[in-house]
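Data first, discussion second: the structure below is written as structure tokens.
Residue numbers (full-length UniProt numbering): 1 to 252.
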């Protein structure tokens, strides 16, 4: 075999190897694209499943709150009303009048609490108004000093998003009341150009943020609730320096 033939054979072999490499590369690229597509579909399916579970949990919780609200309003409310009437009819002077007034105050607060946890009452009430009512209720109870401020120009929000945002803040407030030993709470609603920012801050005992999942008080579920409305939620806390919740809801 002469030198020209050898060179031709080498070129053919190199060309074949090059074509094989190209084919392998193309097949590998197609395989990786399909693999990545399947992974993305799997991730999206998992997110949809988690979203559906979270929505179901919230619906169950809202239904439970609705039932509790009805029980408070219909049953316990009627008992307190009857007790107030009886106290007013008993001859006991100023002492019985004070008892009747105390029962009446308790009845008013019970009705306010019933409205605060009833999803149907919240449906016709904006986030701003719901937070105003909640802050006013806590100030009446004198557990702590609650302040509320509204910044920016309010814009209409999706009703479902408003309920979720309110429930998140309400959960934070409940935790403050039960565990923080705080003397003050401040809630700020700030309508920015592209987002709504809701901030709640207490001056309580605080806790280590890394142990949030171990609190067992609902705070660990805040992220899941926020994800349902494409919002972000961040809780920062330092032992002895209080706790802060920052909710950011994008405005379309």
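From the three backbone atoms N, C-alpha and C, an ideal C-beta is built for every residue, glycine too. Treat the numbers as computed from the prediction; the structure is a model and nothing was measured.
Under 8 Å between C-beta atoms of residue i and residue j
| i | j | result |
| --- | --- | --- |
| residue 131 | residue 201 | no |
| residue 205 | residue 180 | yes |
| residue 207 | residue 237 | yes |
| residue 163 | residue 134 | no |
| residue 222 | residue 168 | yes |
Pairwise C-alpha distance: residue j and residue i
| i | j | result |
| --- | --- | --- |
| residue 159 | residue 24 | 54 Å |
| residue 141 | residue 252 | 38 Å |
| residue 176 | residue 105 | 23 Å |
| residue 244 | residue 235 | 6 Å |
| residue 185 | residue 145 | 6 Å |
| residue 178 | residue 171 | 11 Å |
| residue 192 | residue 22 | 53 Å |
| residue 40 | residue 28 | 18 Å |
| residue 26 | residue 18 | 12 Å |
| residue 150 | residue 157 | 15 Å |
| residue 44 | residue 228 | 14 Å |
| residue 6 | residue 33 | 40 Å |
| residue 161 | residue 47 | 19 Å |
| residue 16 | residue 9 | 11 Å |
| residue 138 | residue 239 | 24 Å |
| residue 216 | residue 38 | Note that residue 216 has pLDDT 49, beneath the 50 cutoff, so the model's placement of it is unreliable and the number below is only indicative. Their backbone Cα atoms lie some 36 Å apart in a straight line. |
| residue 11 | residue 30 | 28 Å |
| residue 20 | residue 42 | 32 Å |
| residue 147 | residue 126 | 18 Å |
| residue 136 | residue 143 | 12 Å |
Per-residue burial, residue i [other beta carbons within 10 Å of its own, 16 or more giving buried]
| i | result |
| --- | --- |
| residue 36 | exposed |
| residue 14 | exposed |
| residue 233 | buried |
| residue 165 | buried |
| residue 155 | exposed |
Beta-carbon separation (whole angstroms), residue i vs residue j, contact threshold 8 Å
| i | j | result |
| --- | --- | --- |
| residue 250 | residue 230 | 6 Å |
| residue 128 | residue 195 | With a Cβ gap of about 16 Å, residue 128 and residue 195 do not count as contacting. |
| residue 242 | residue 203 | 5 Å |
Below-8 Å beta-carbon distance, residue i vs any chain C residue
| i | result |
| --- | --- |
| residue 166 | This model lacks chain C altogether, as it is built from one protein chain only. |
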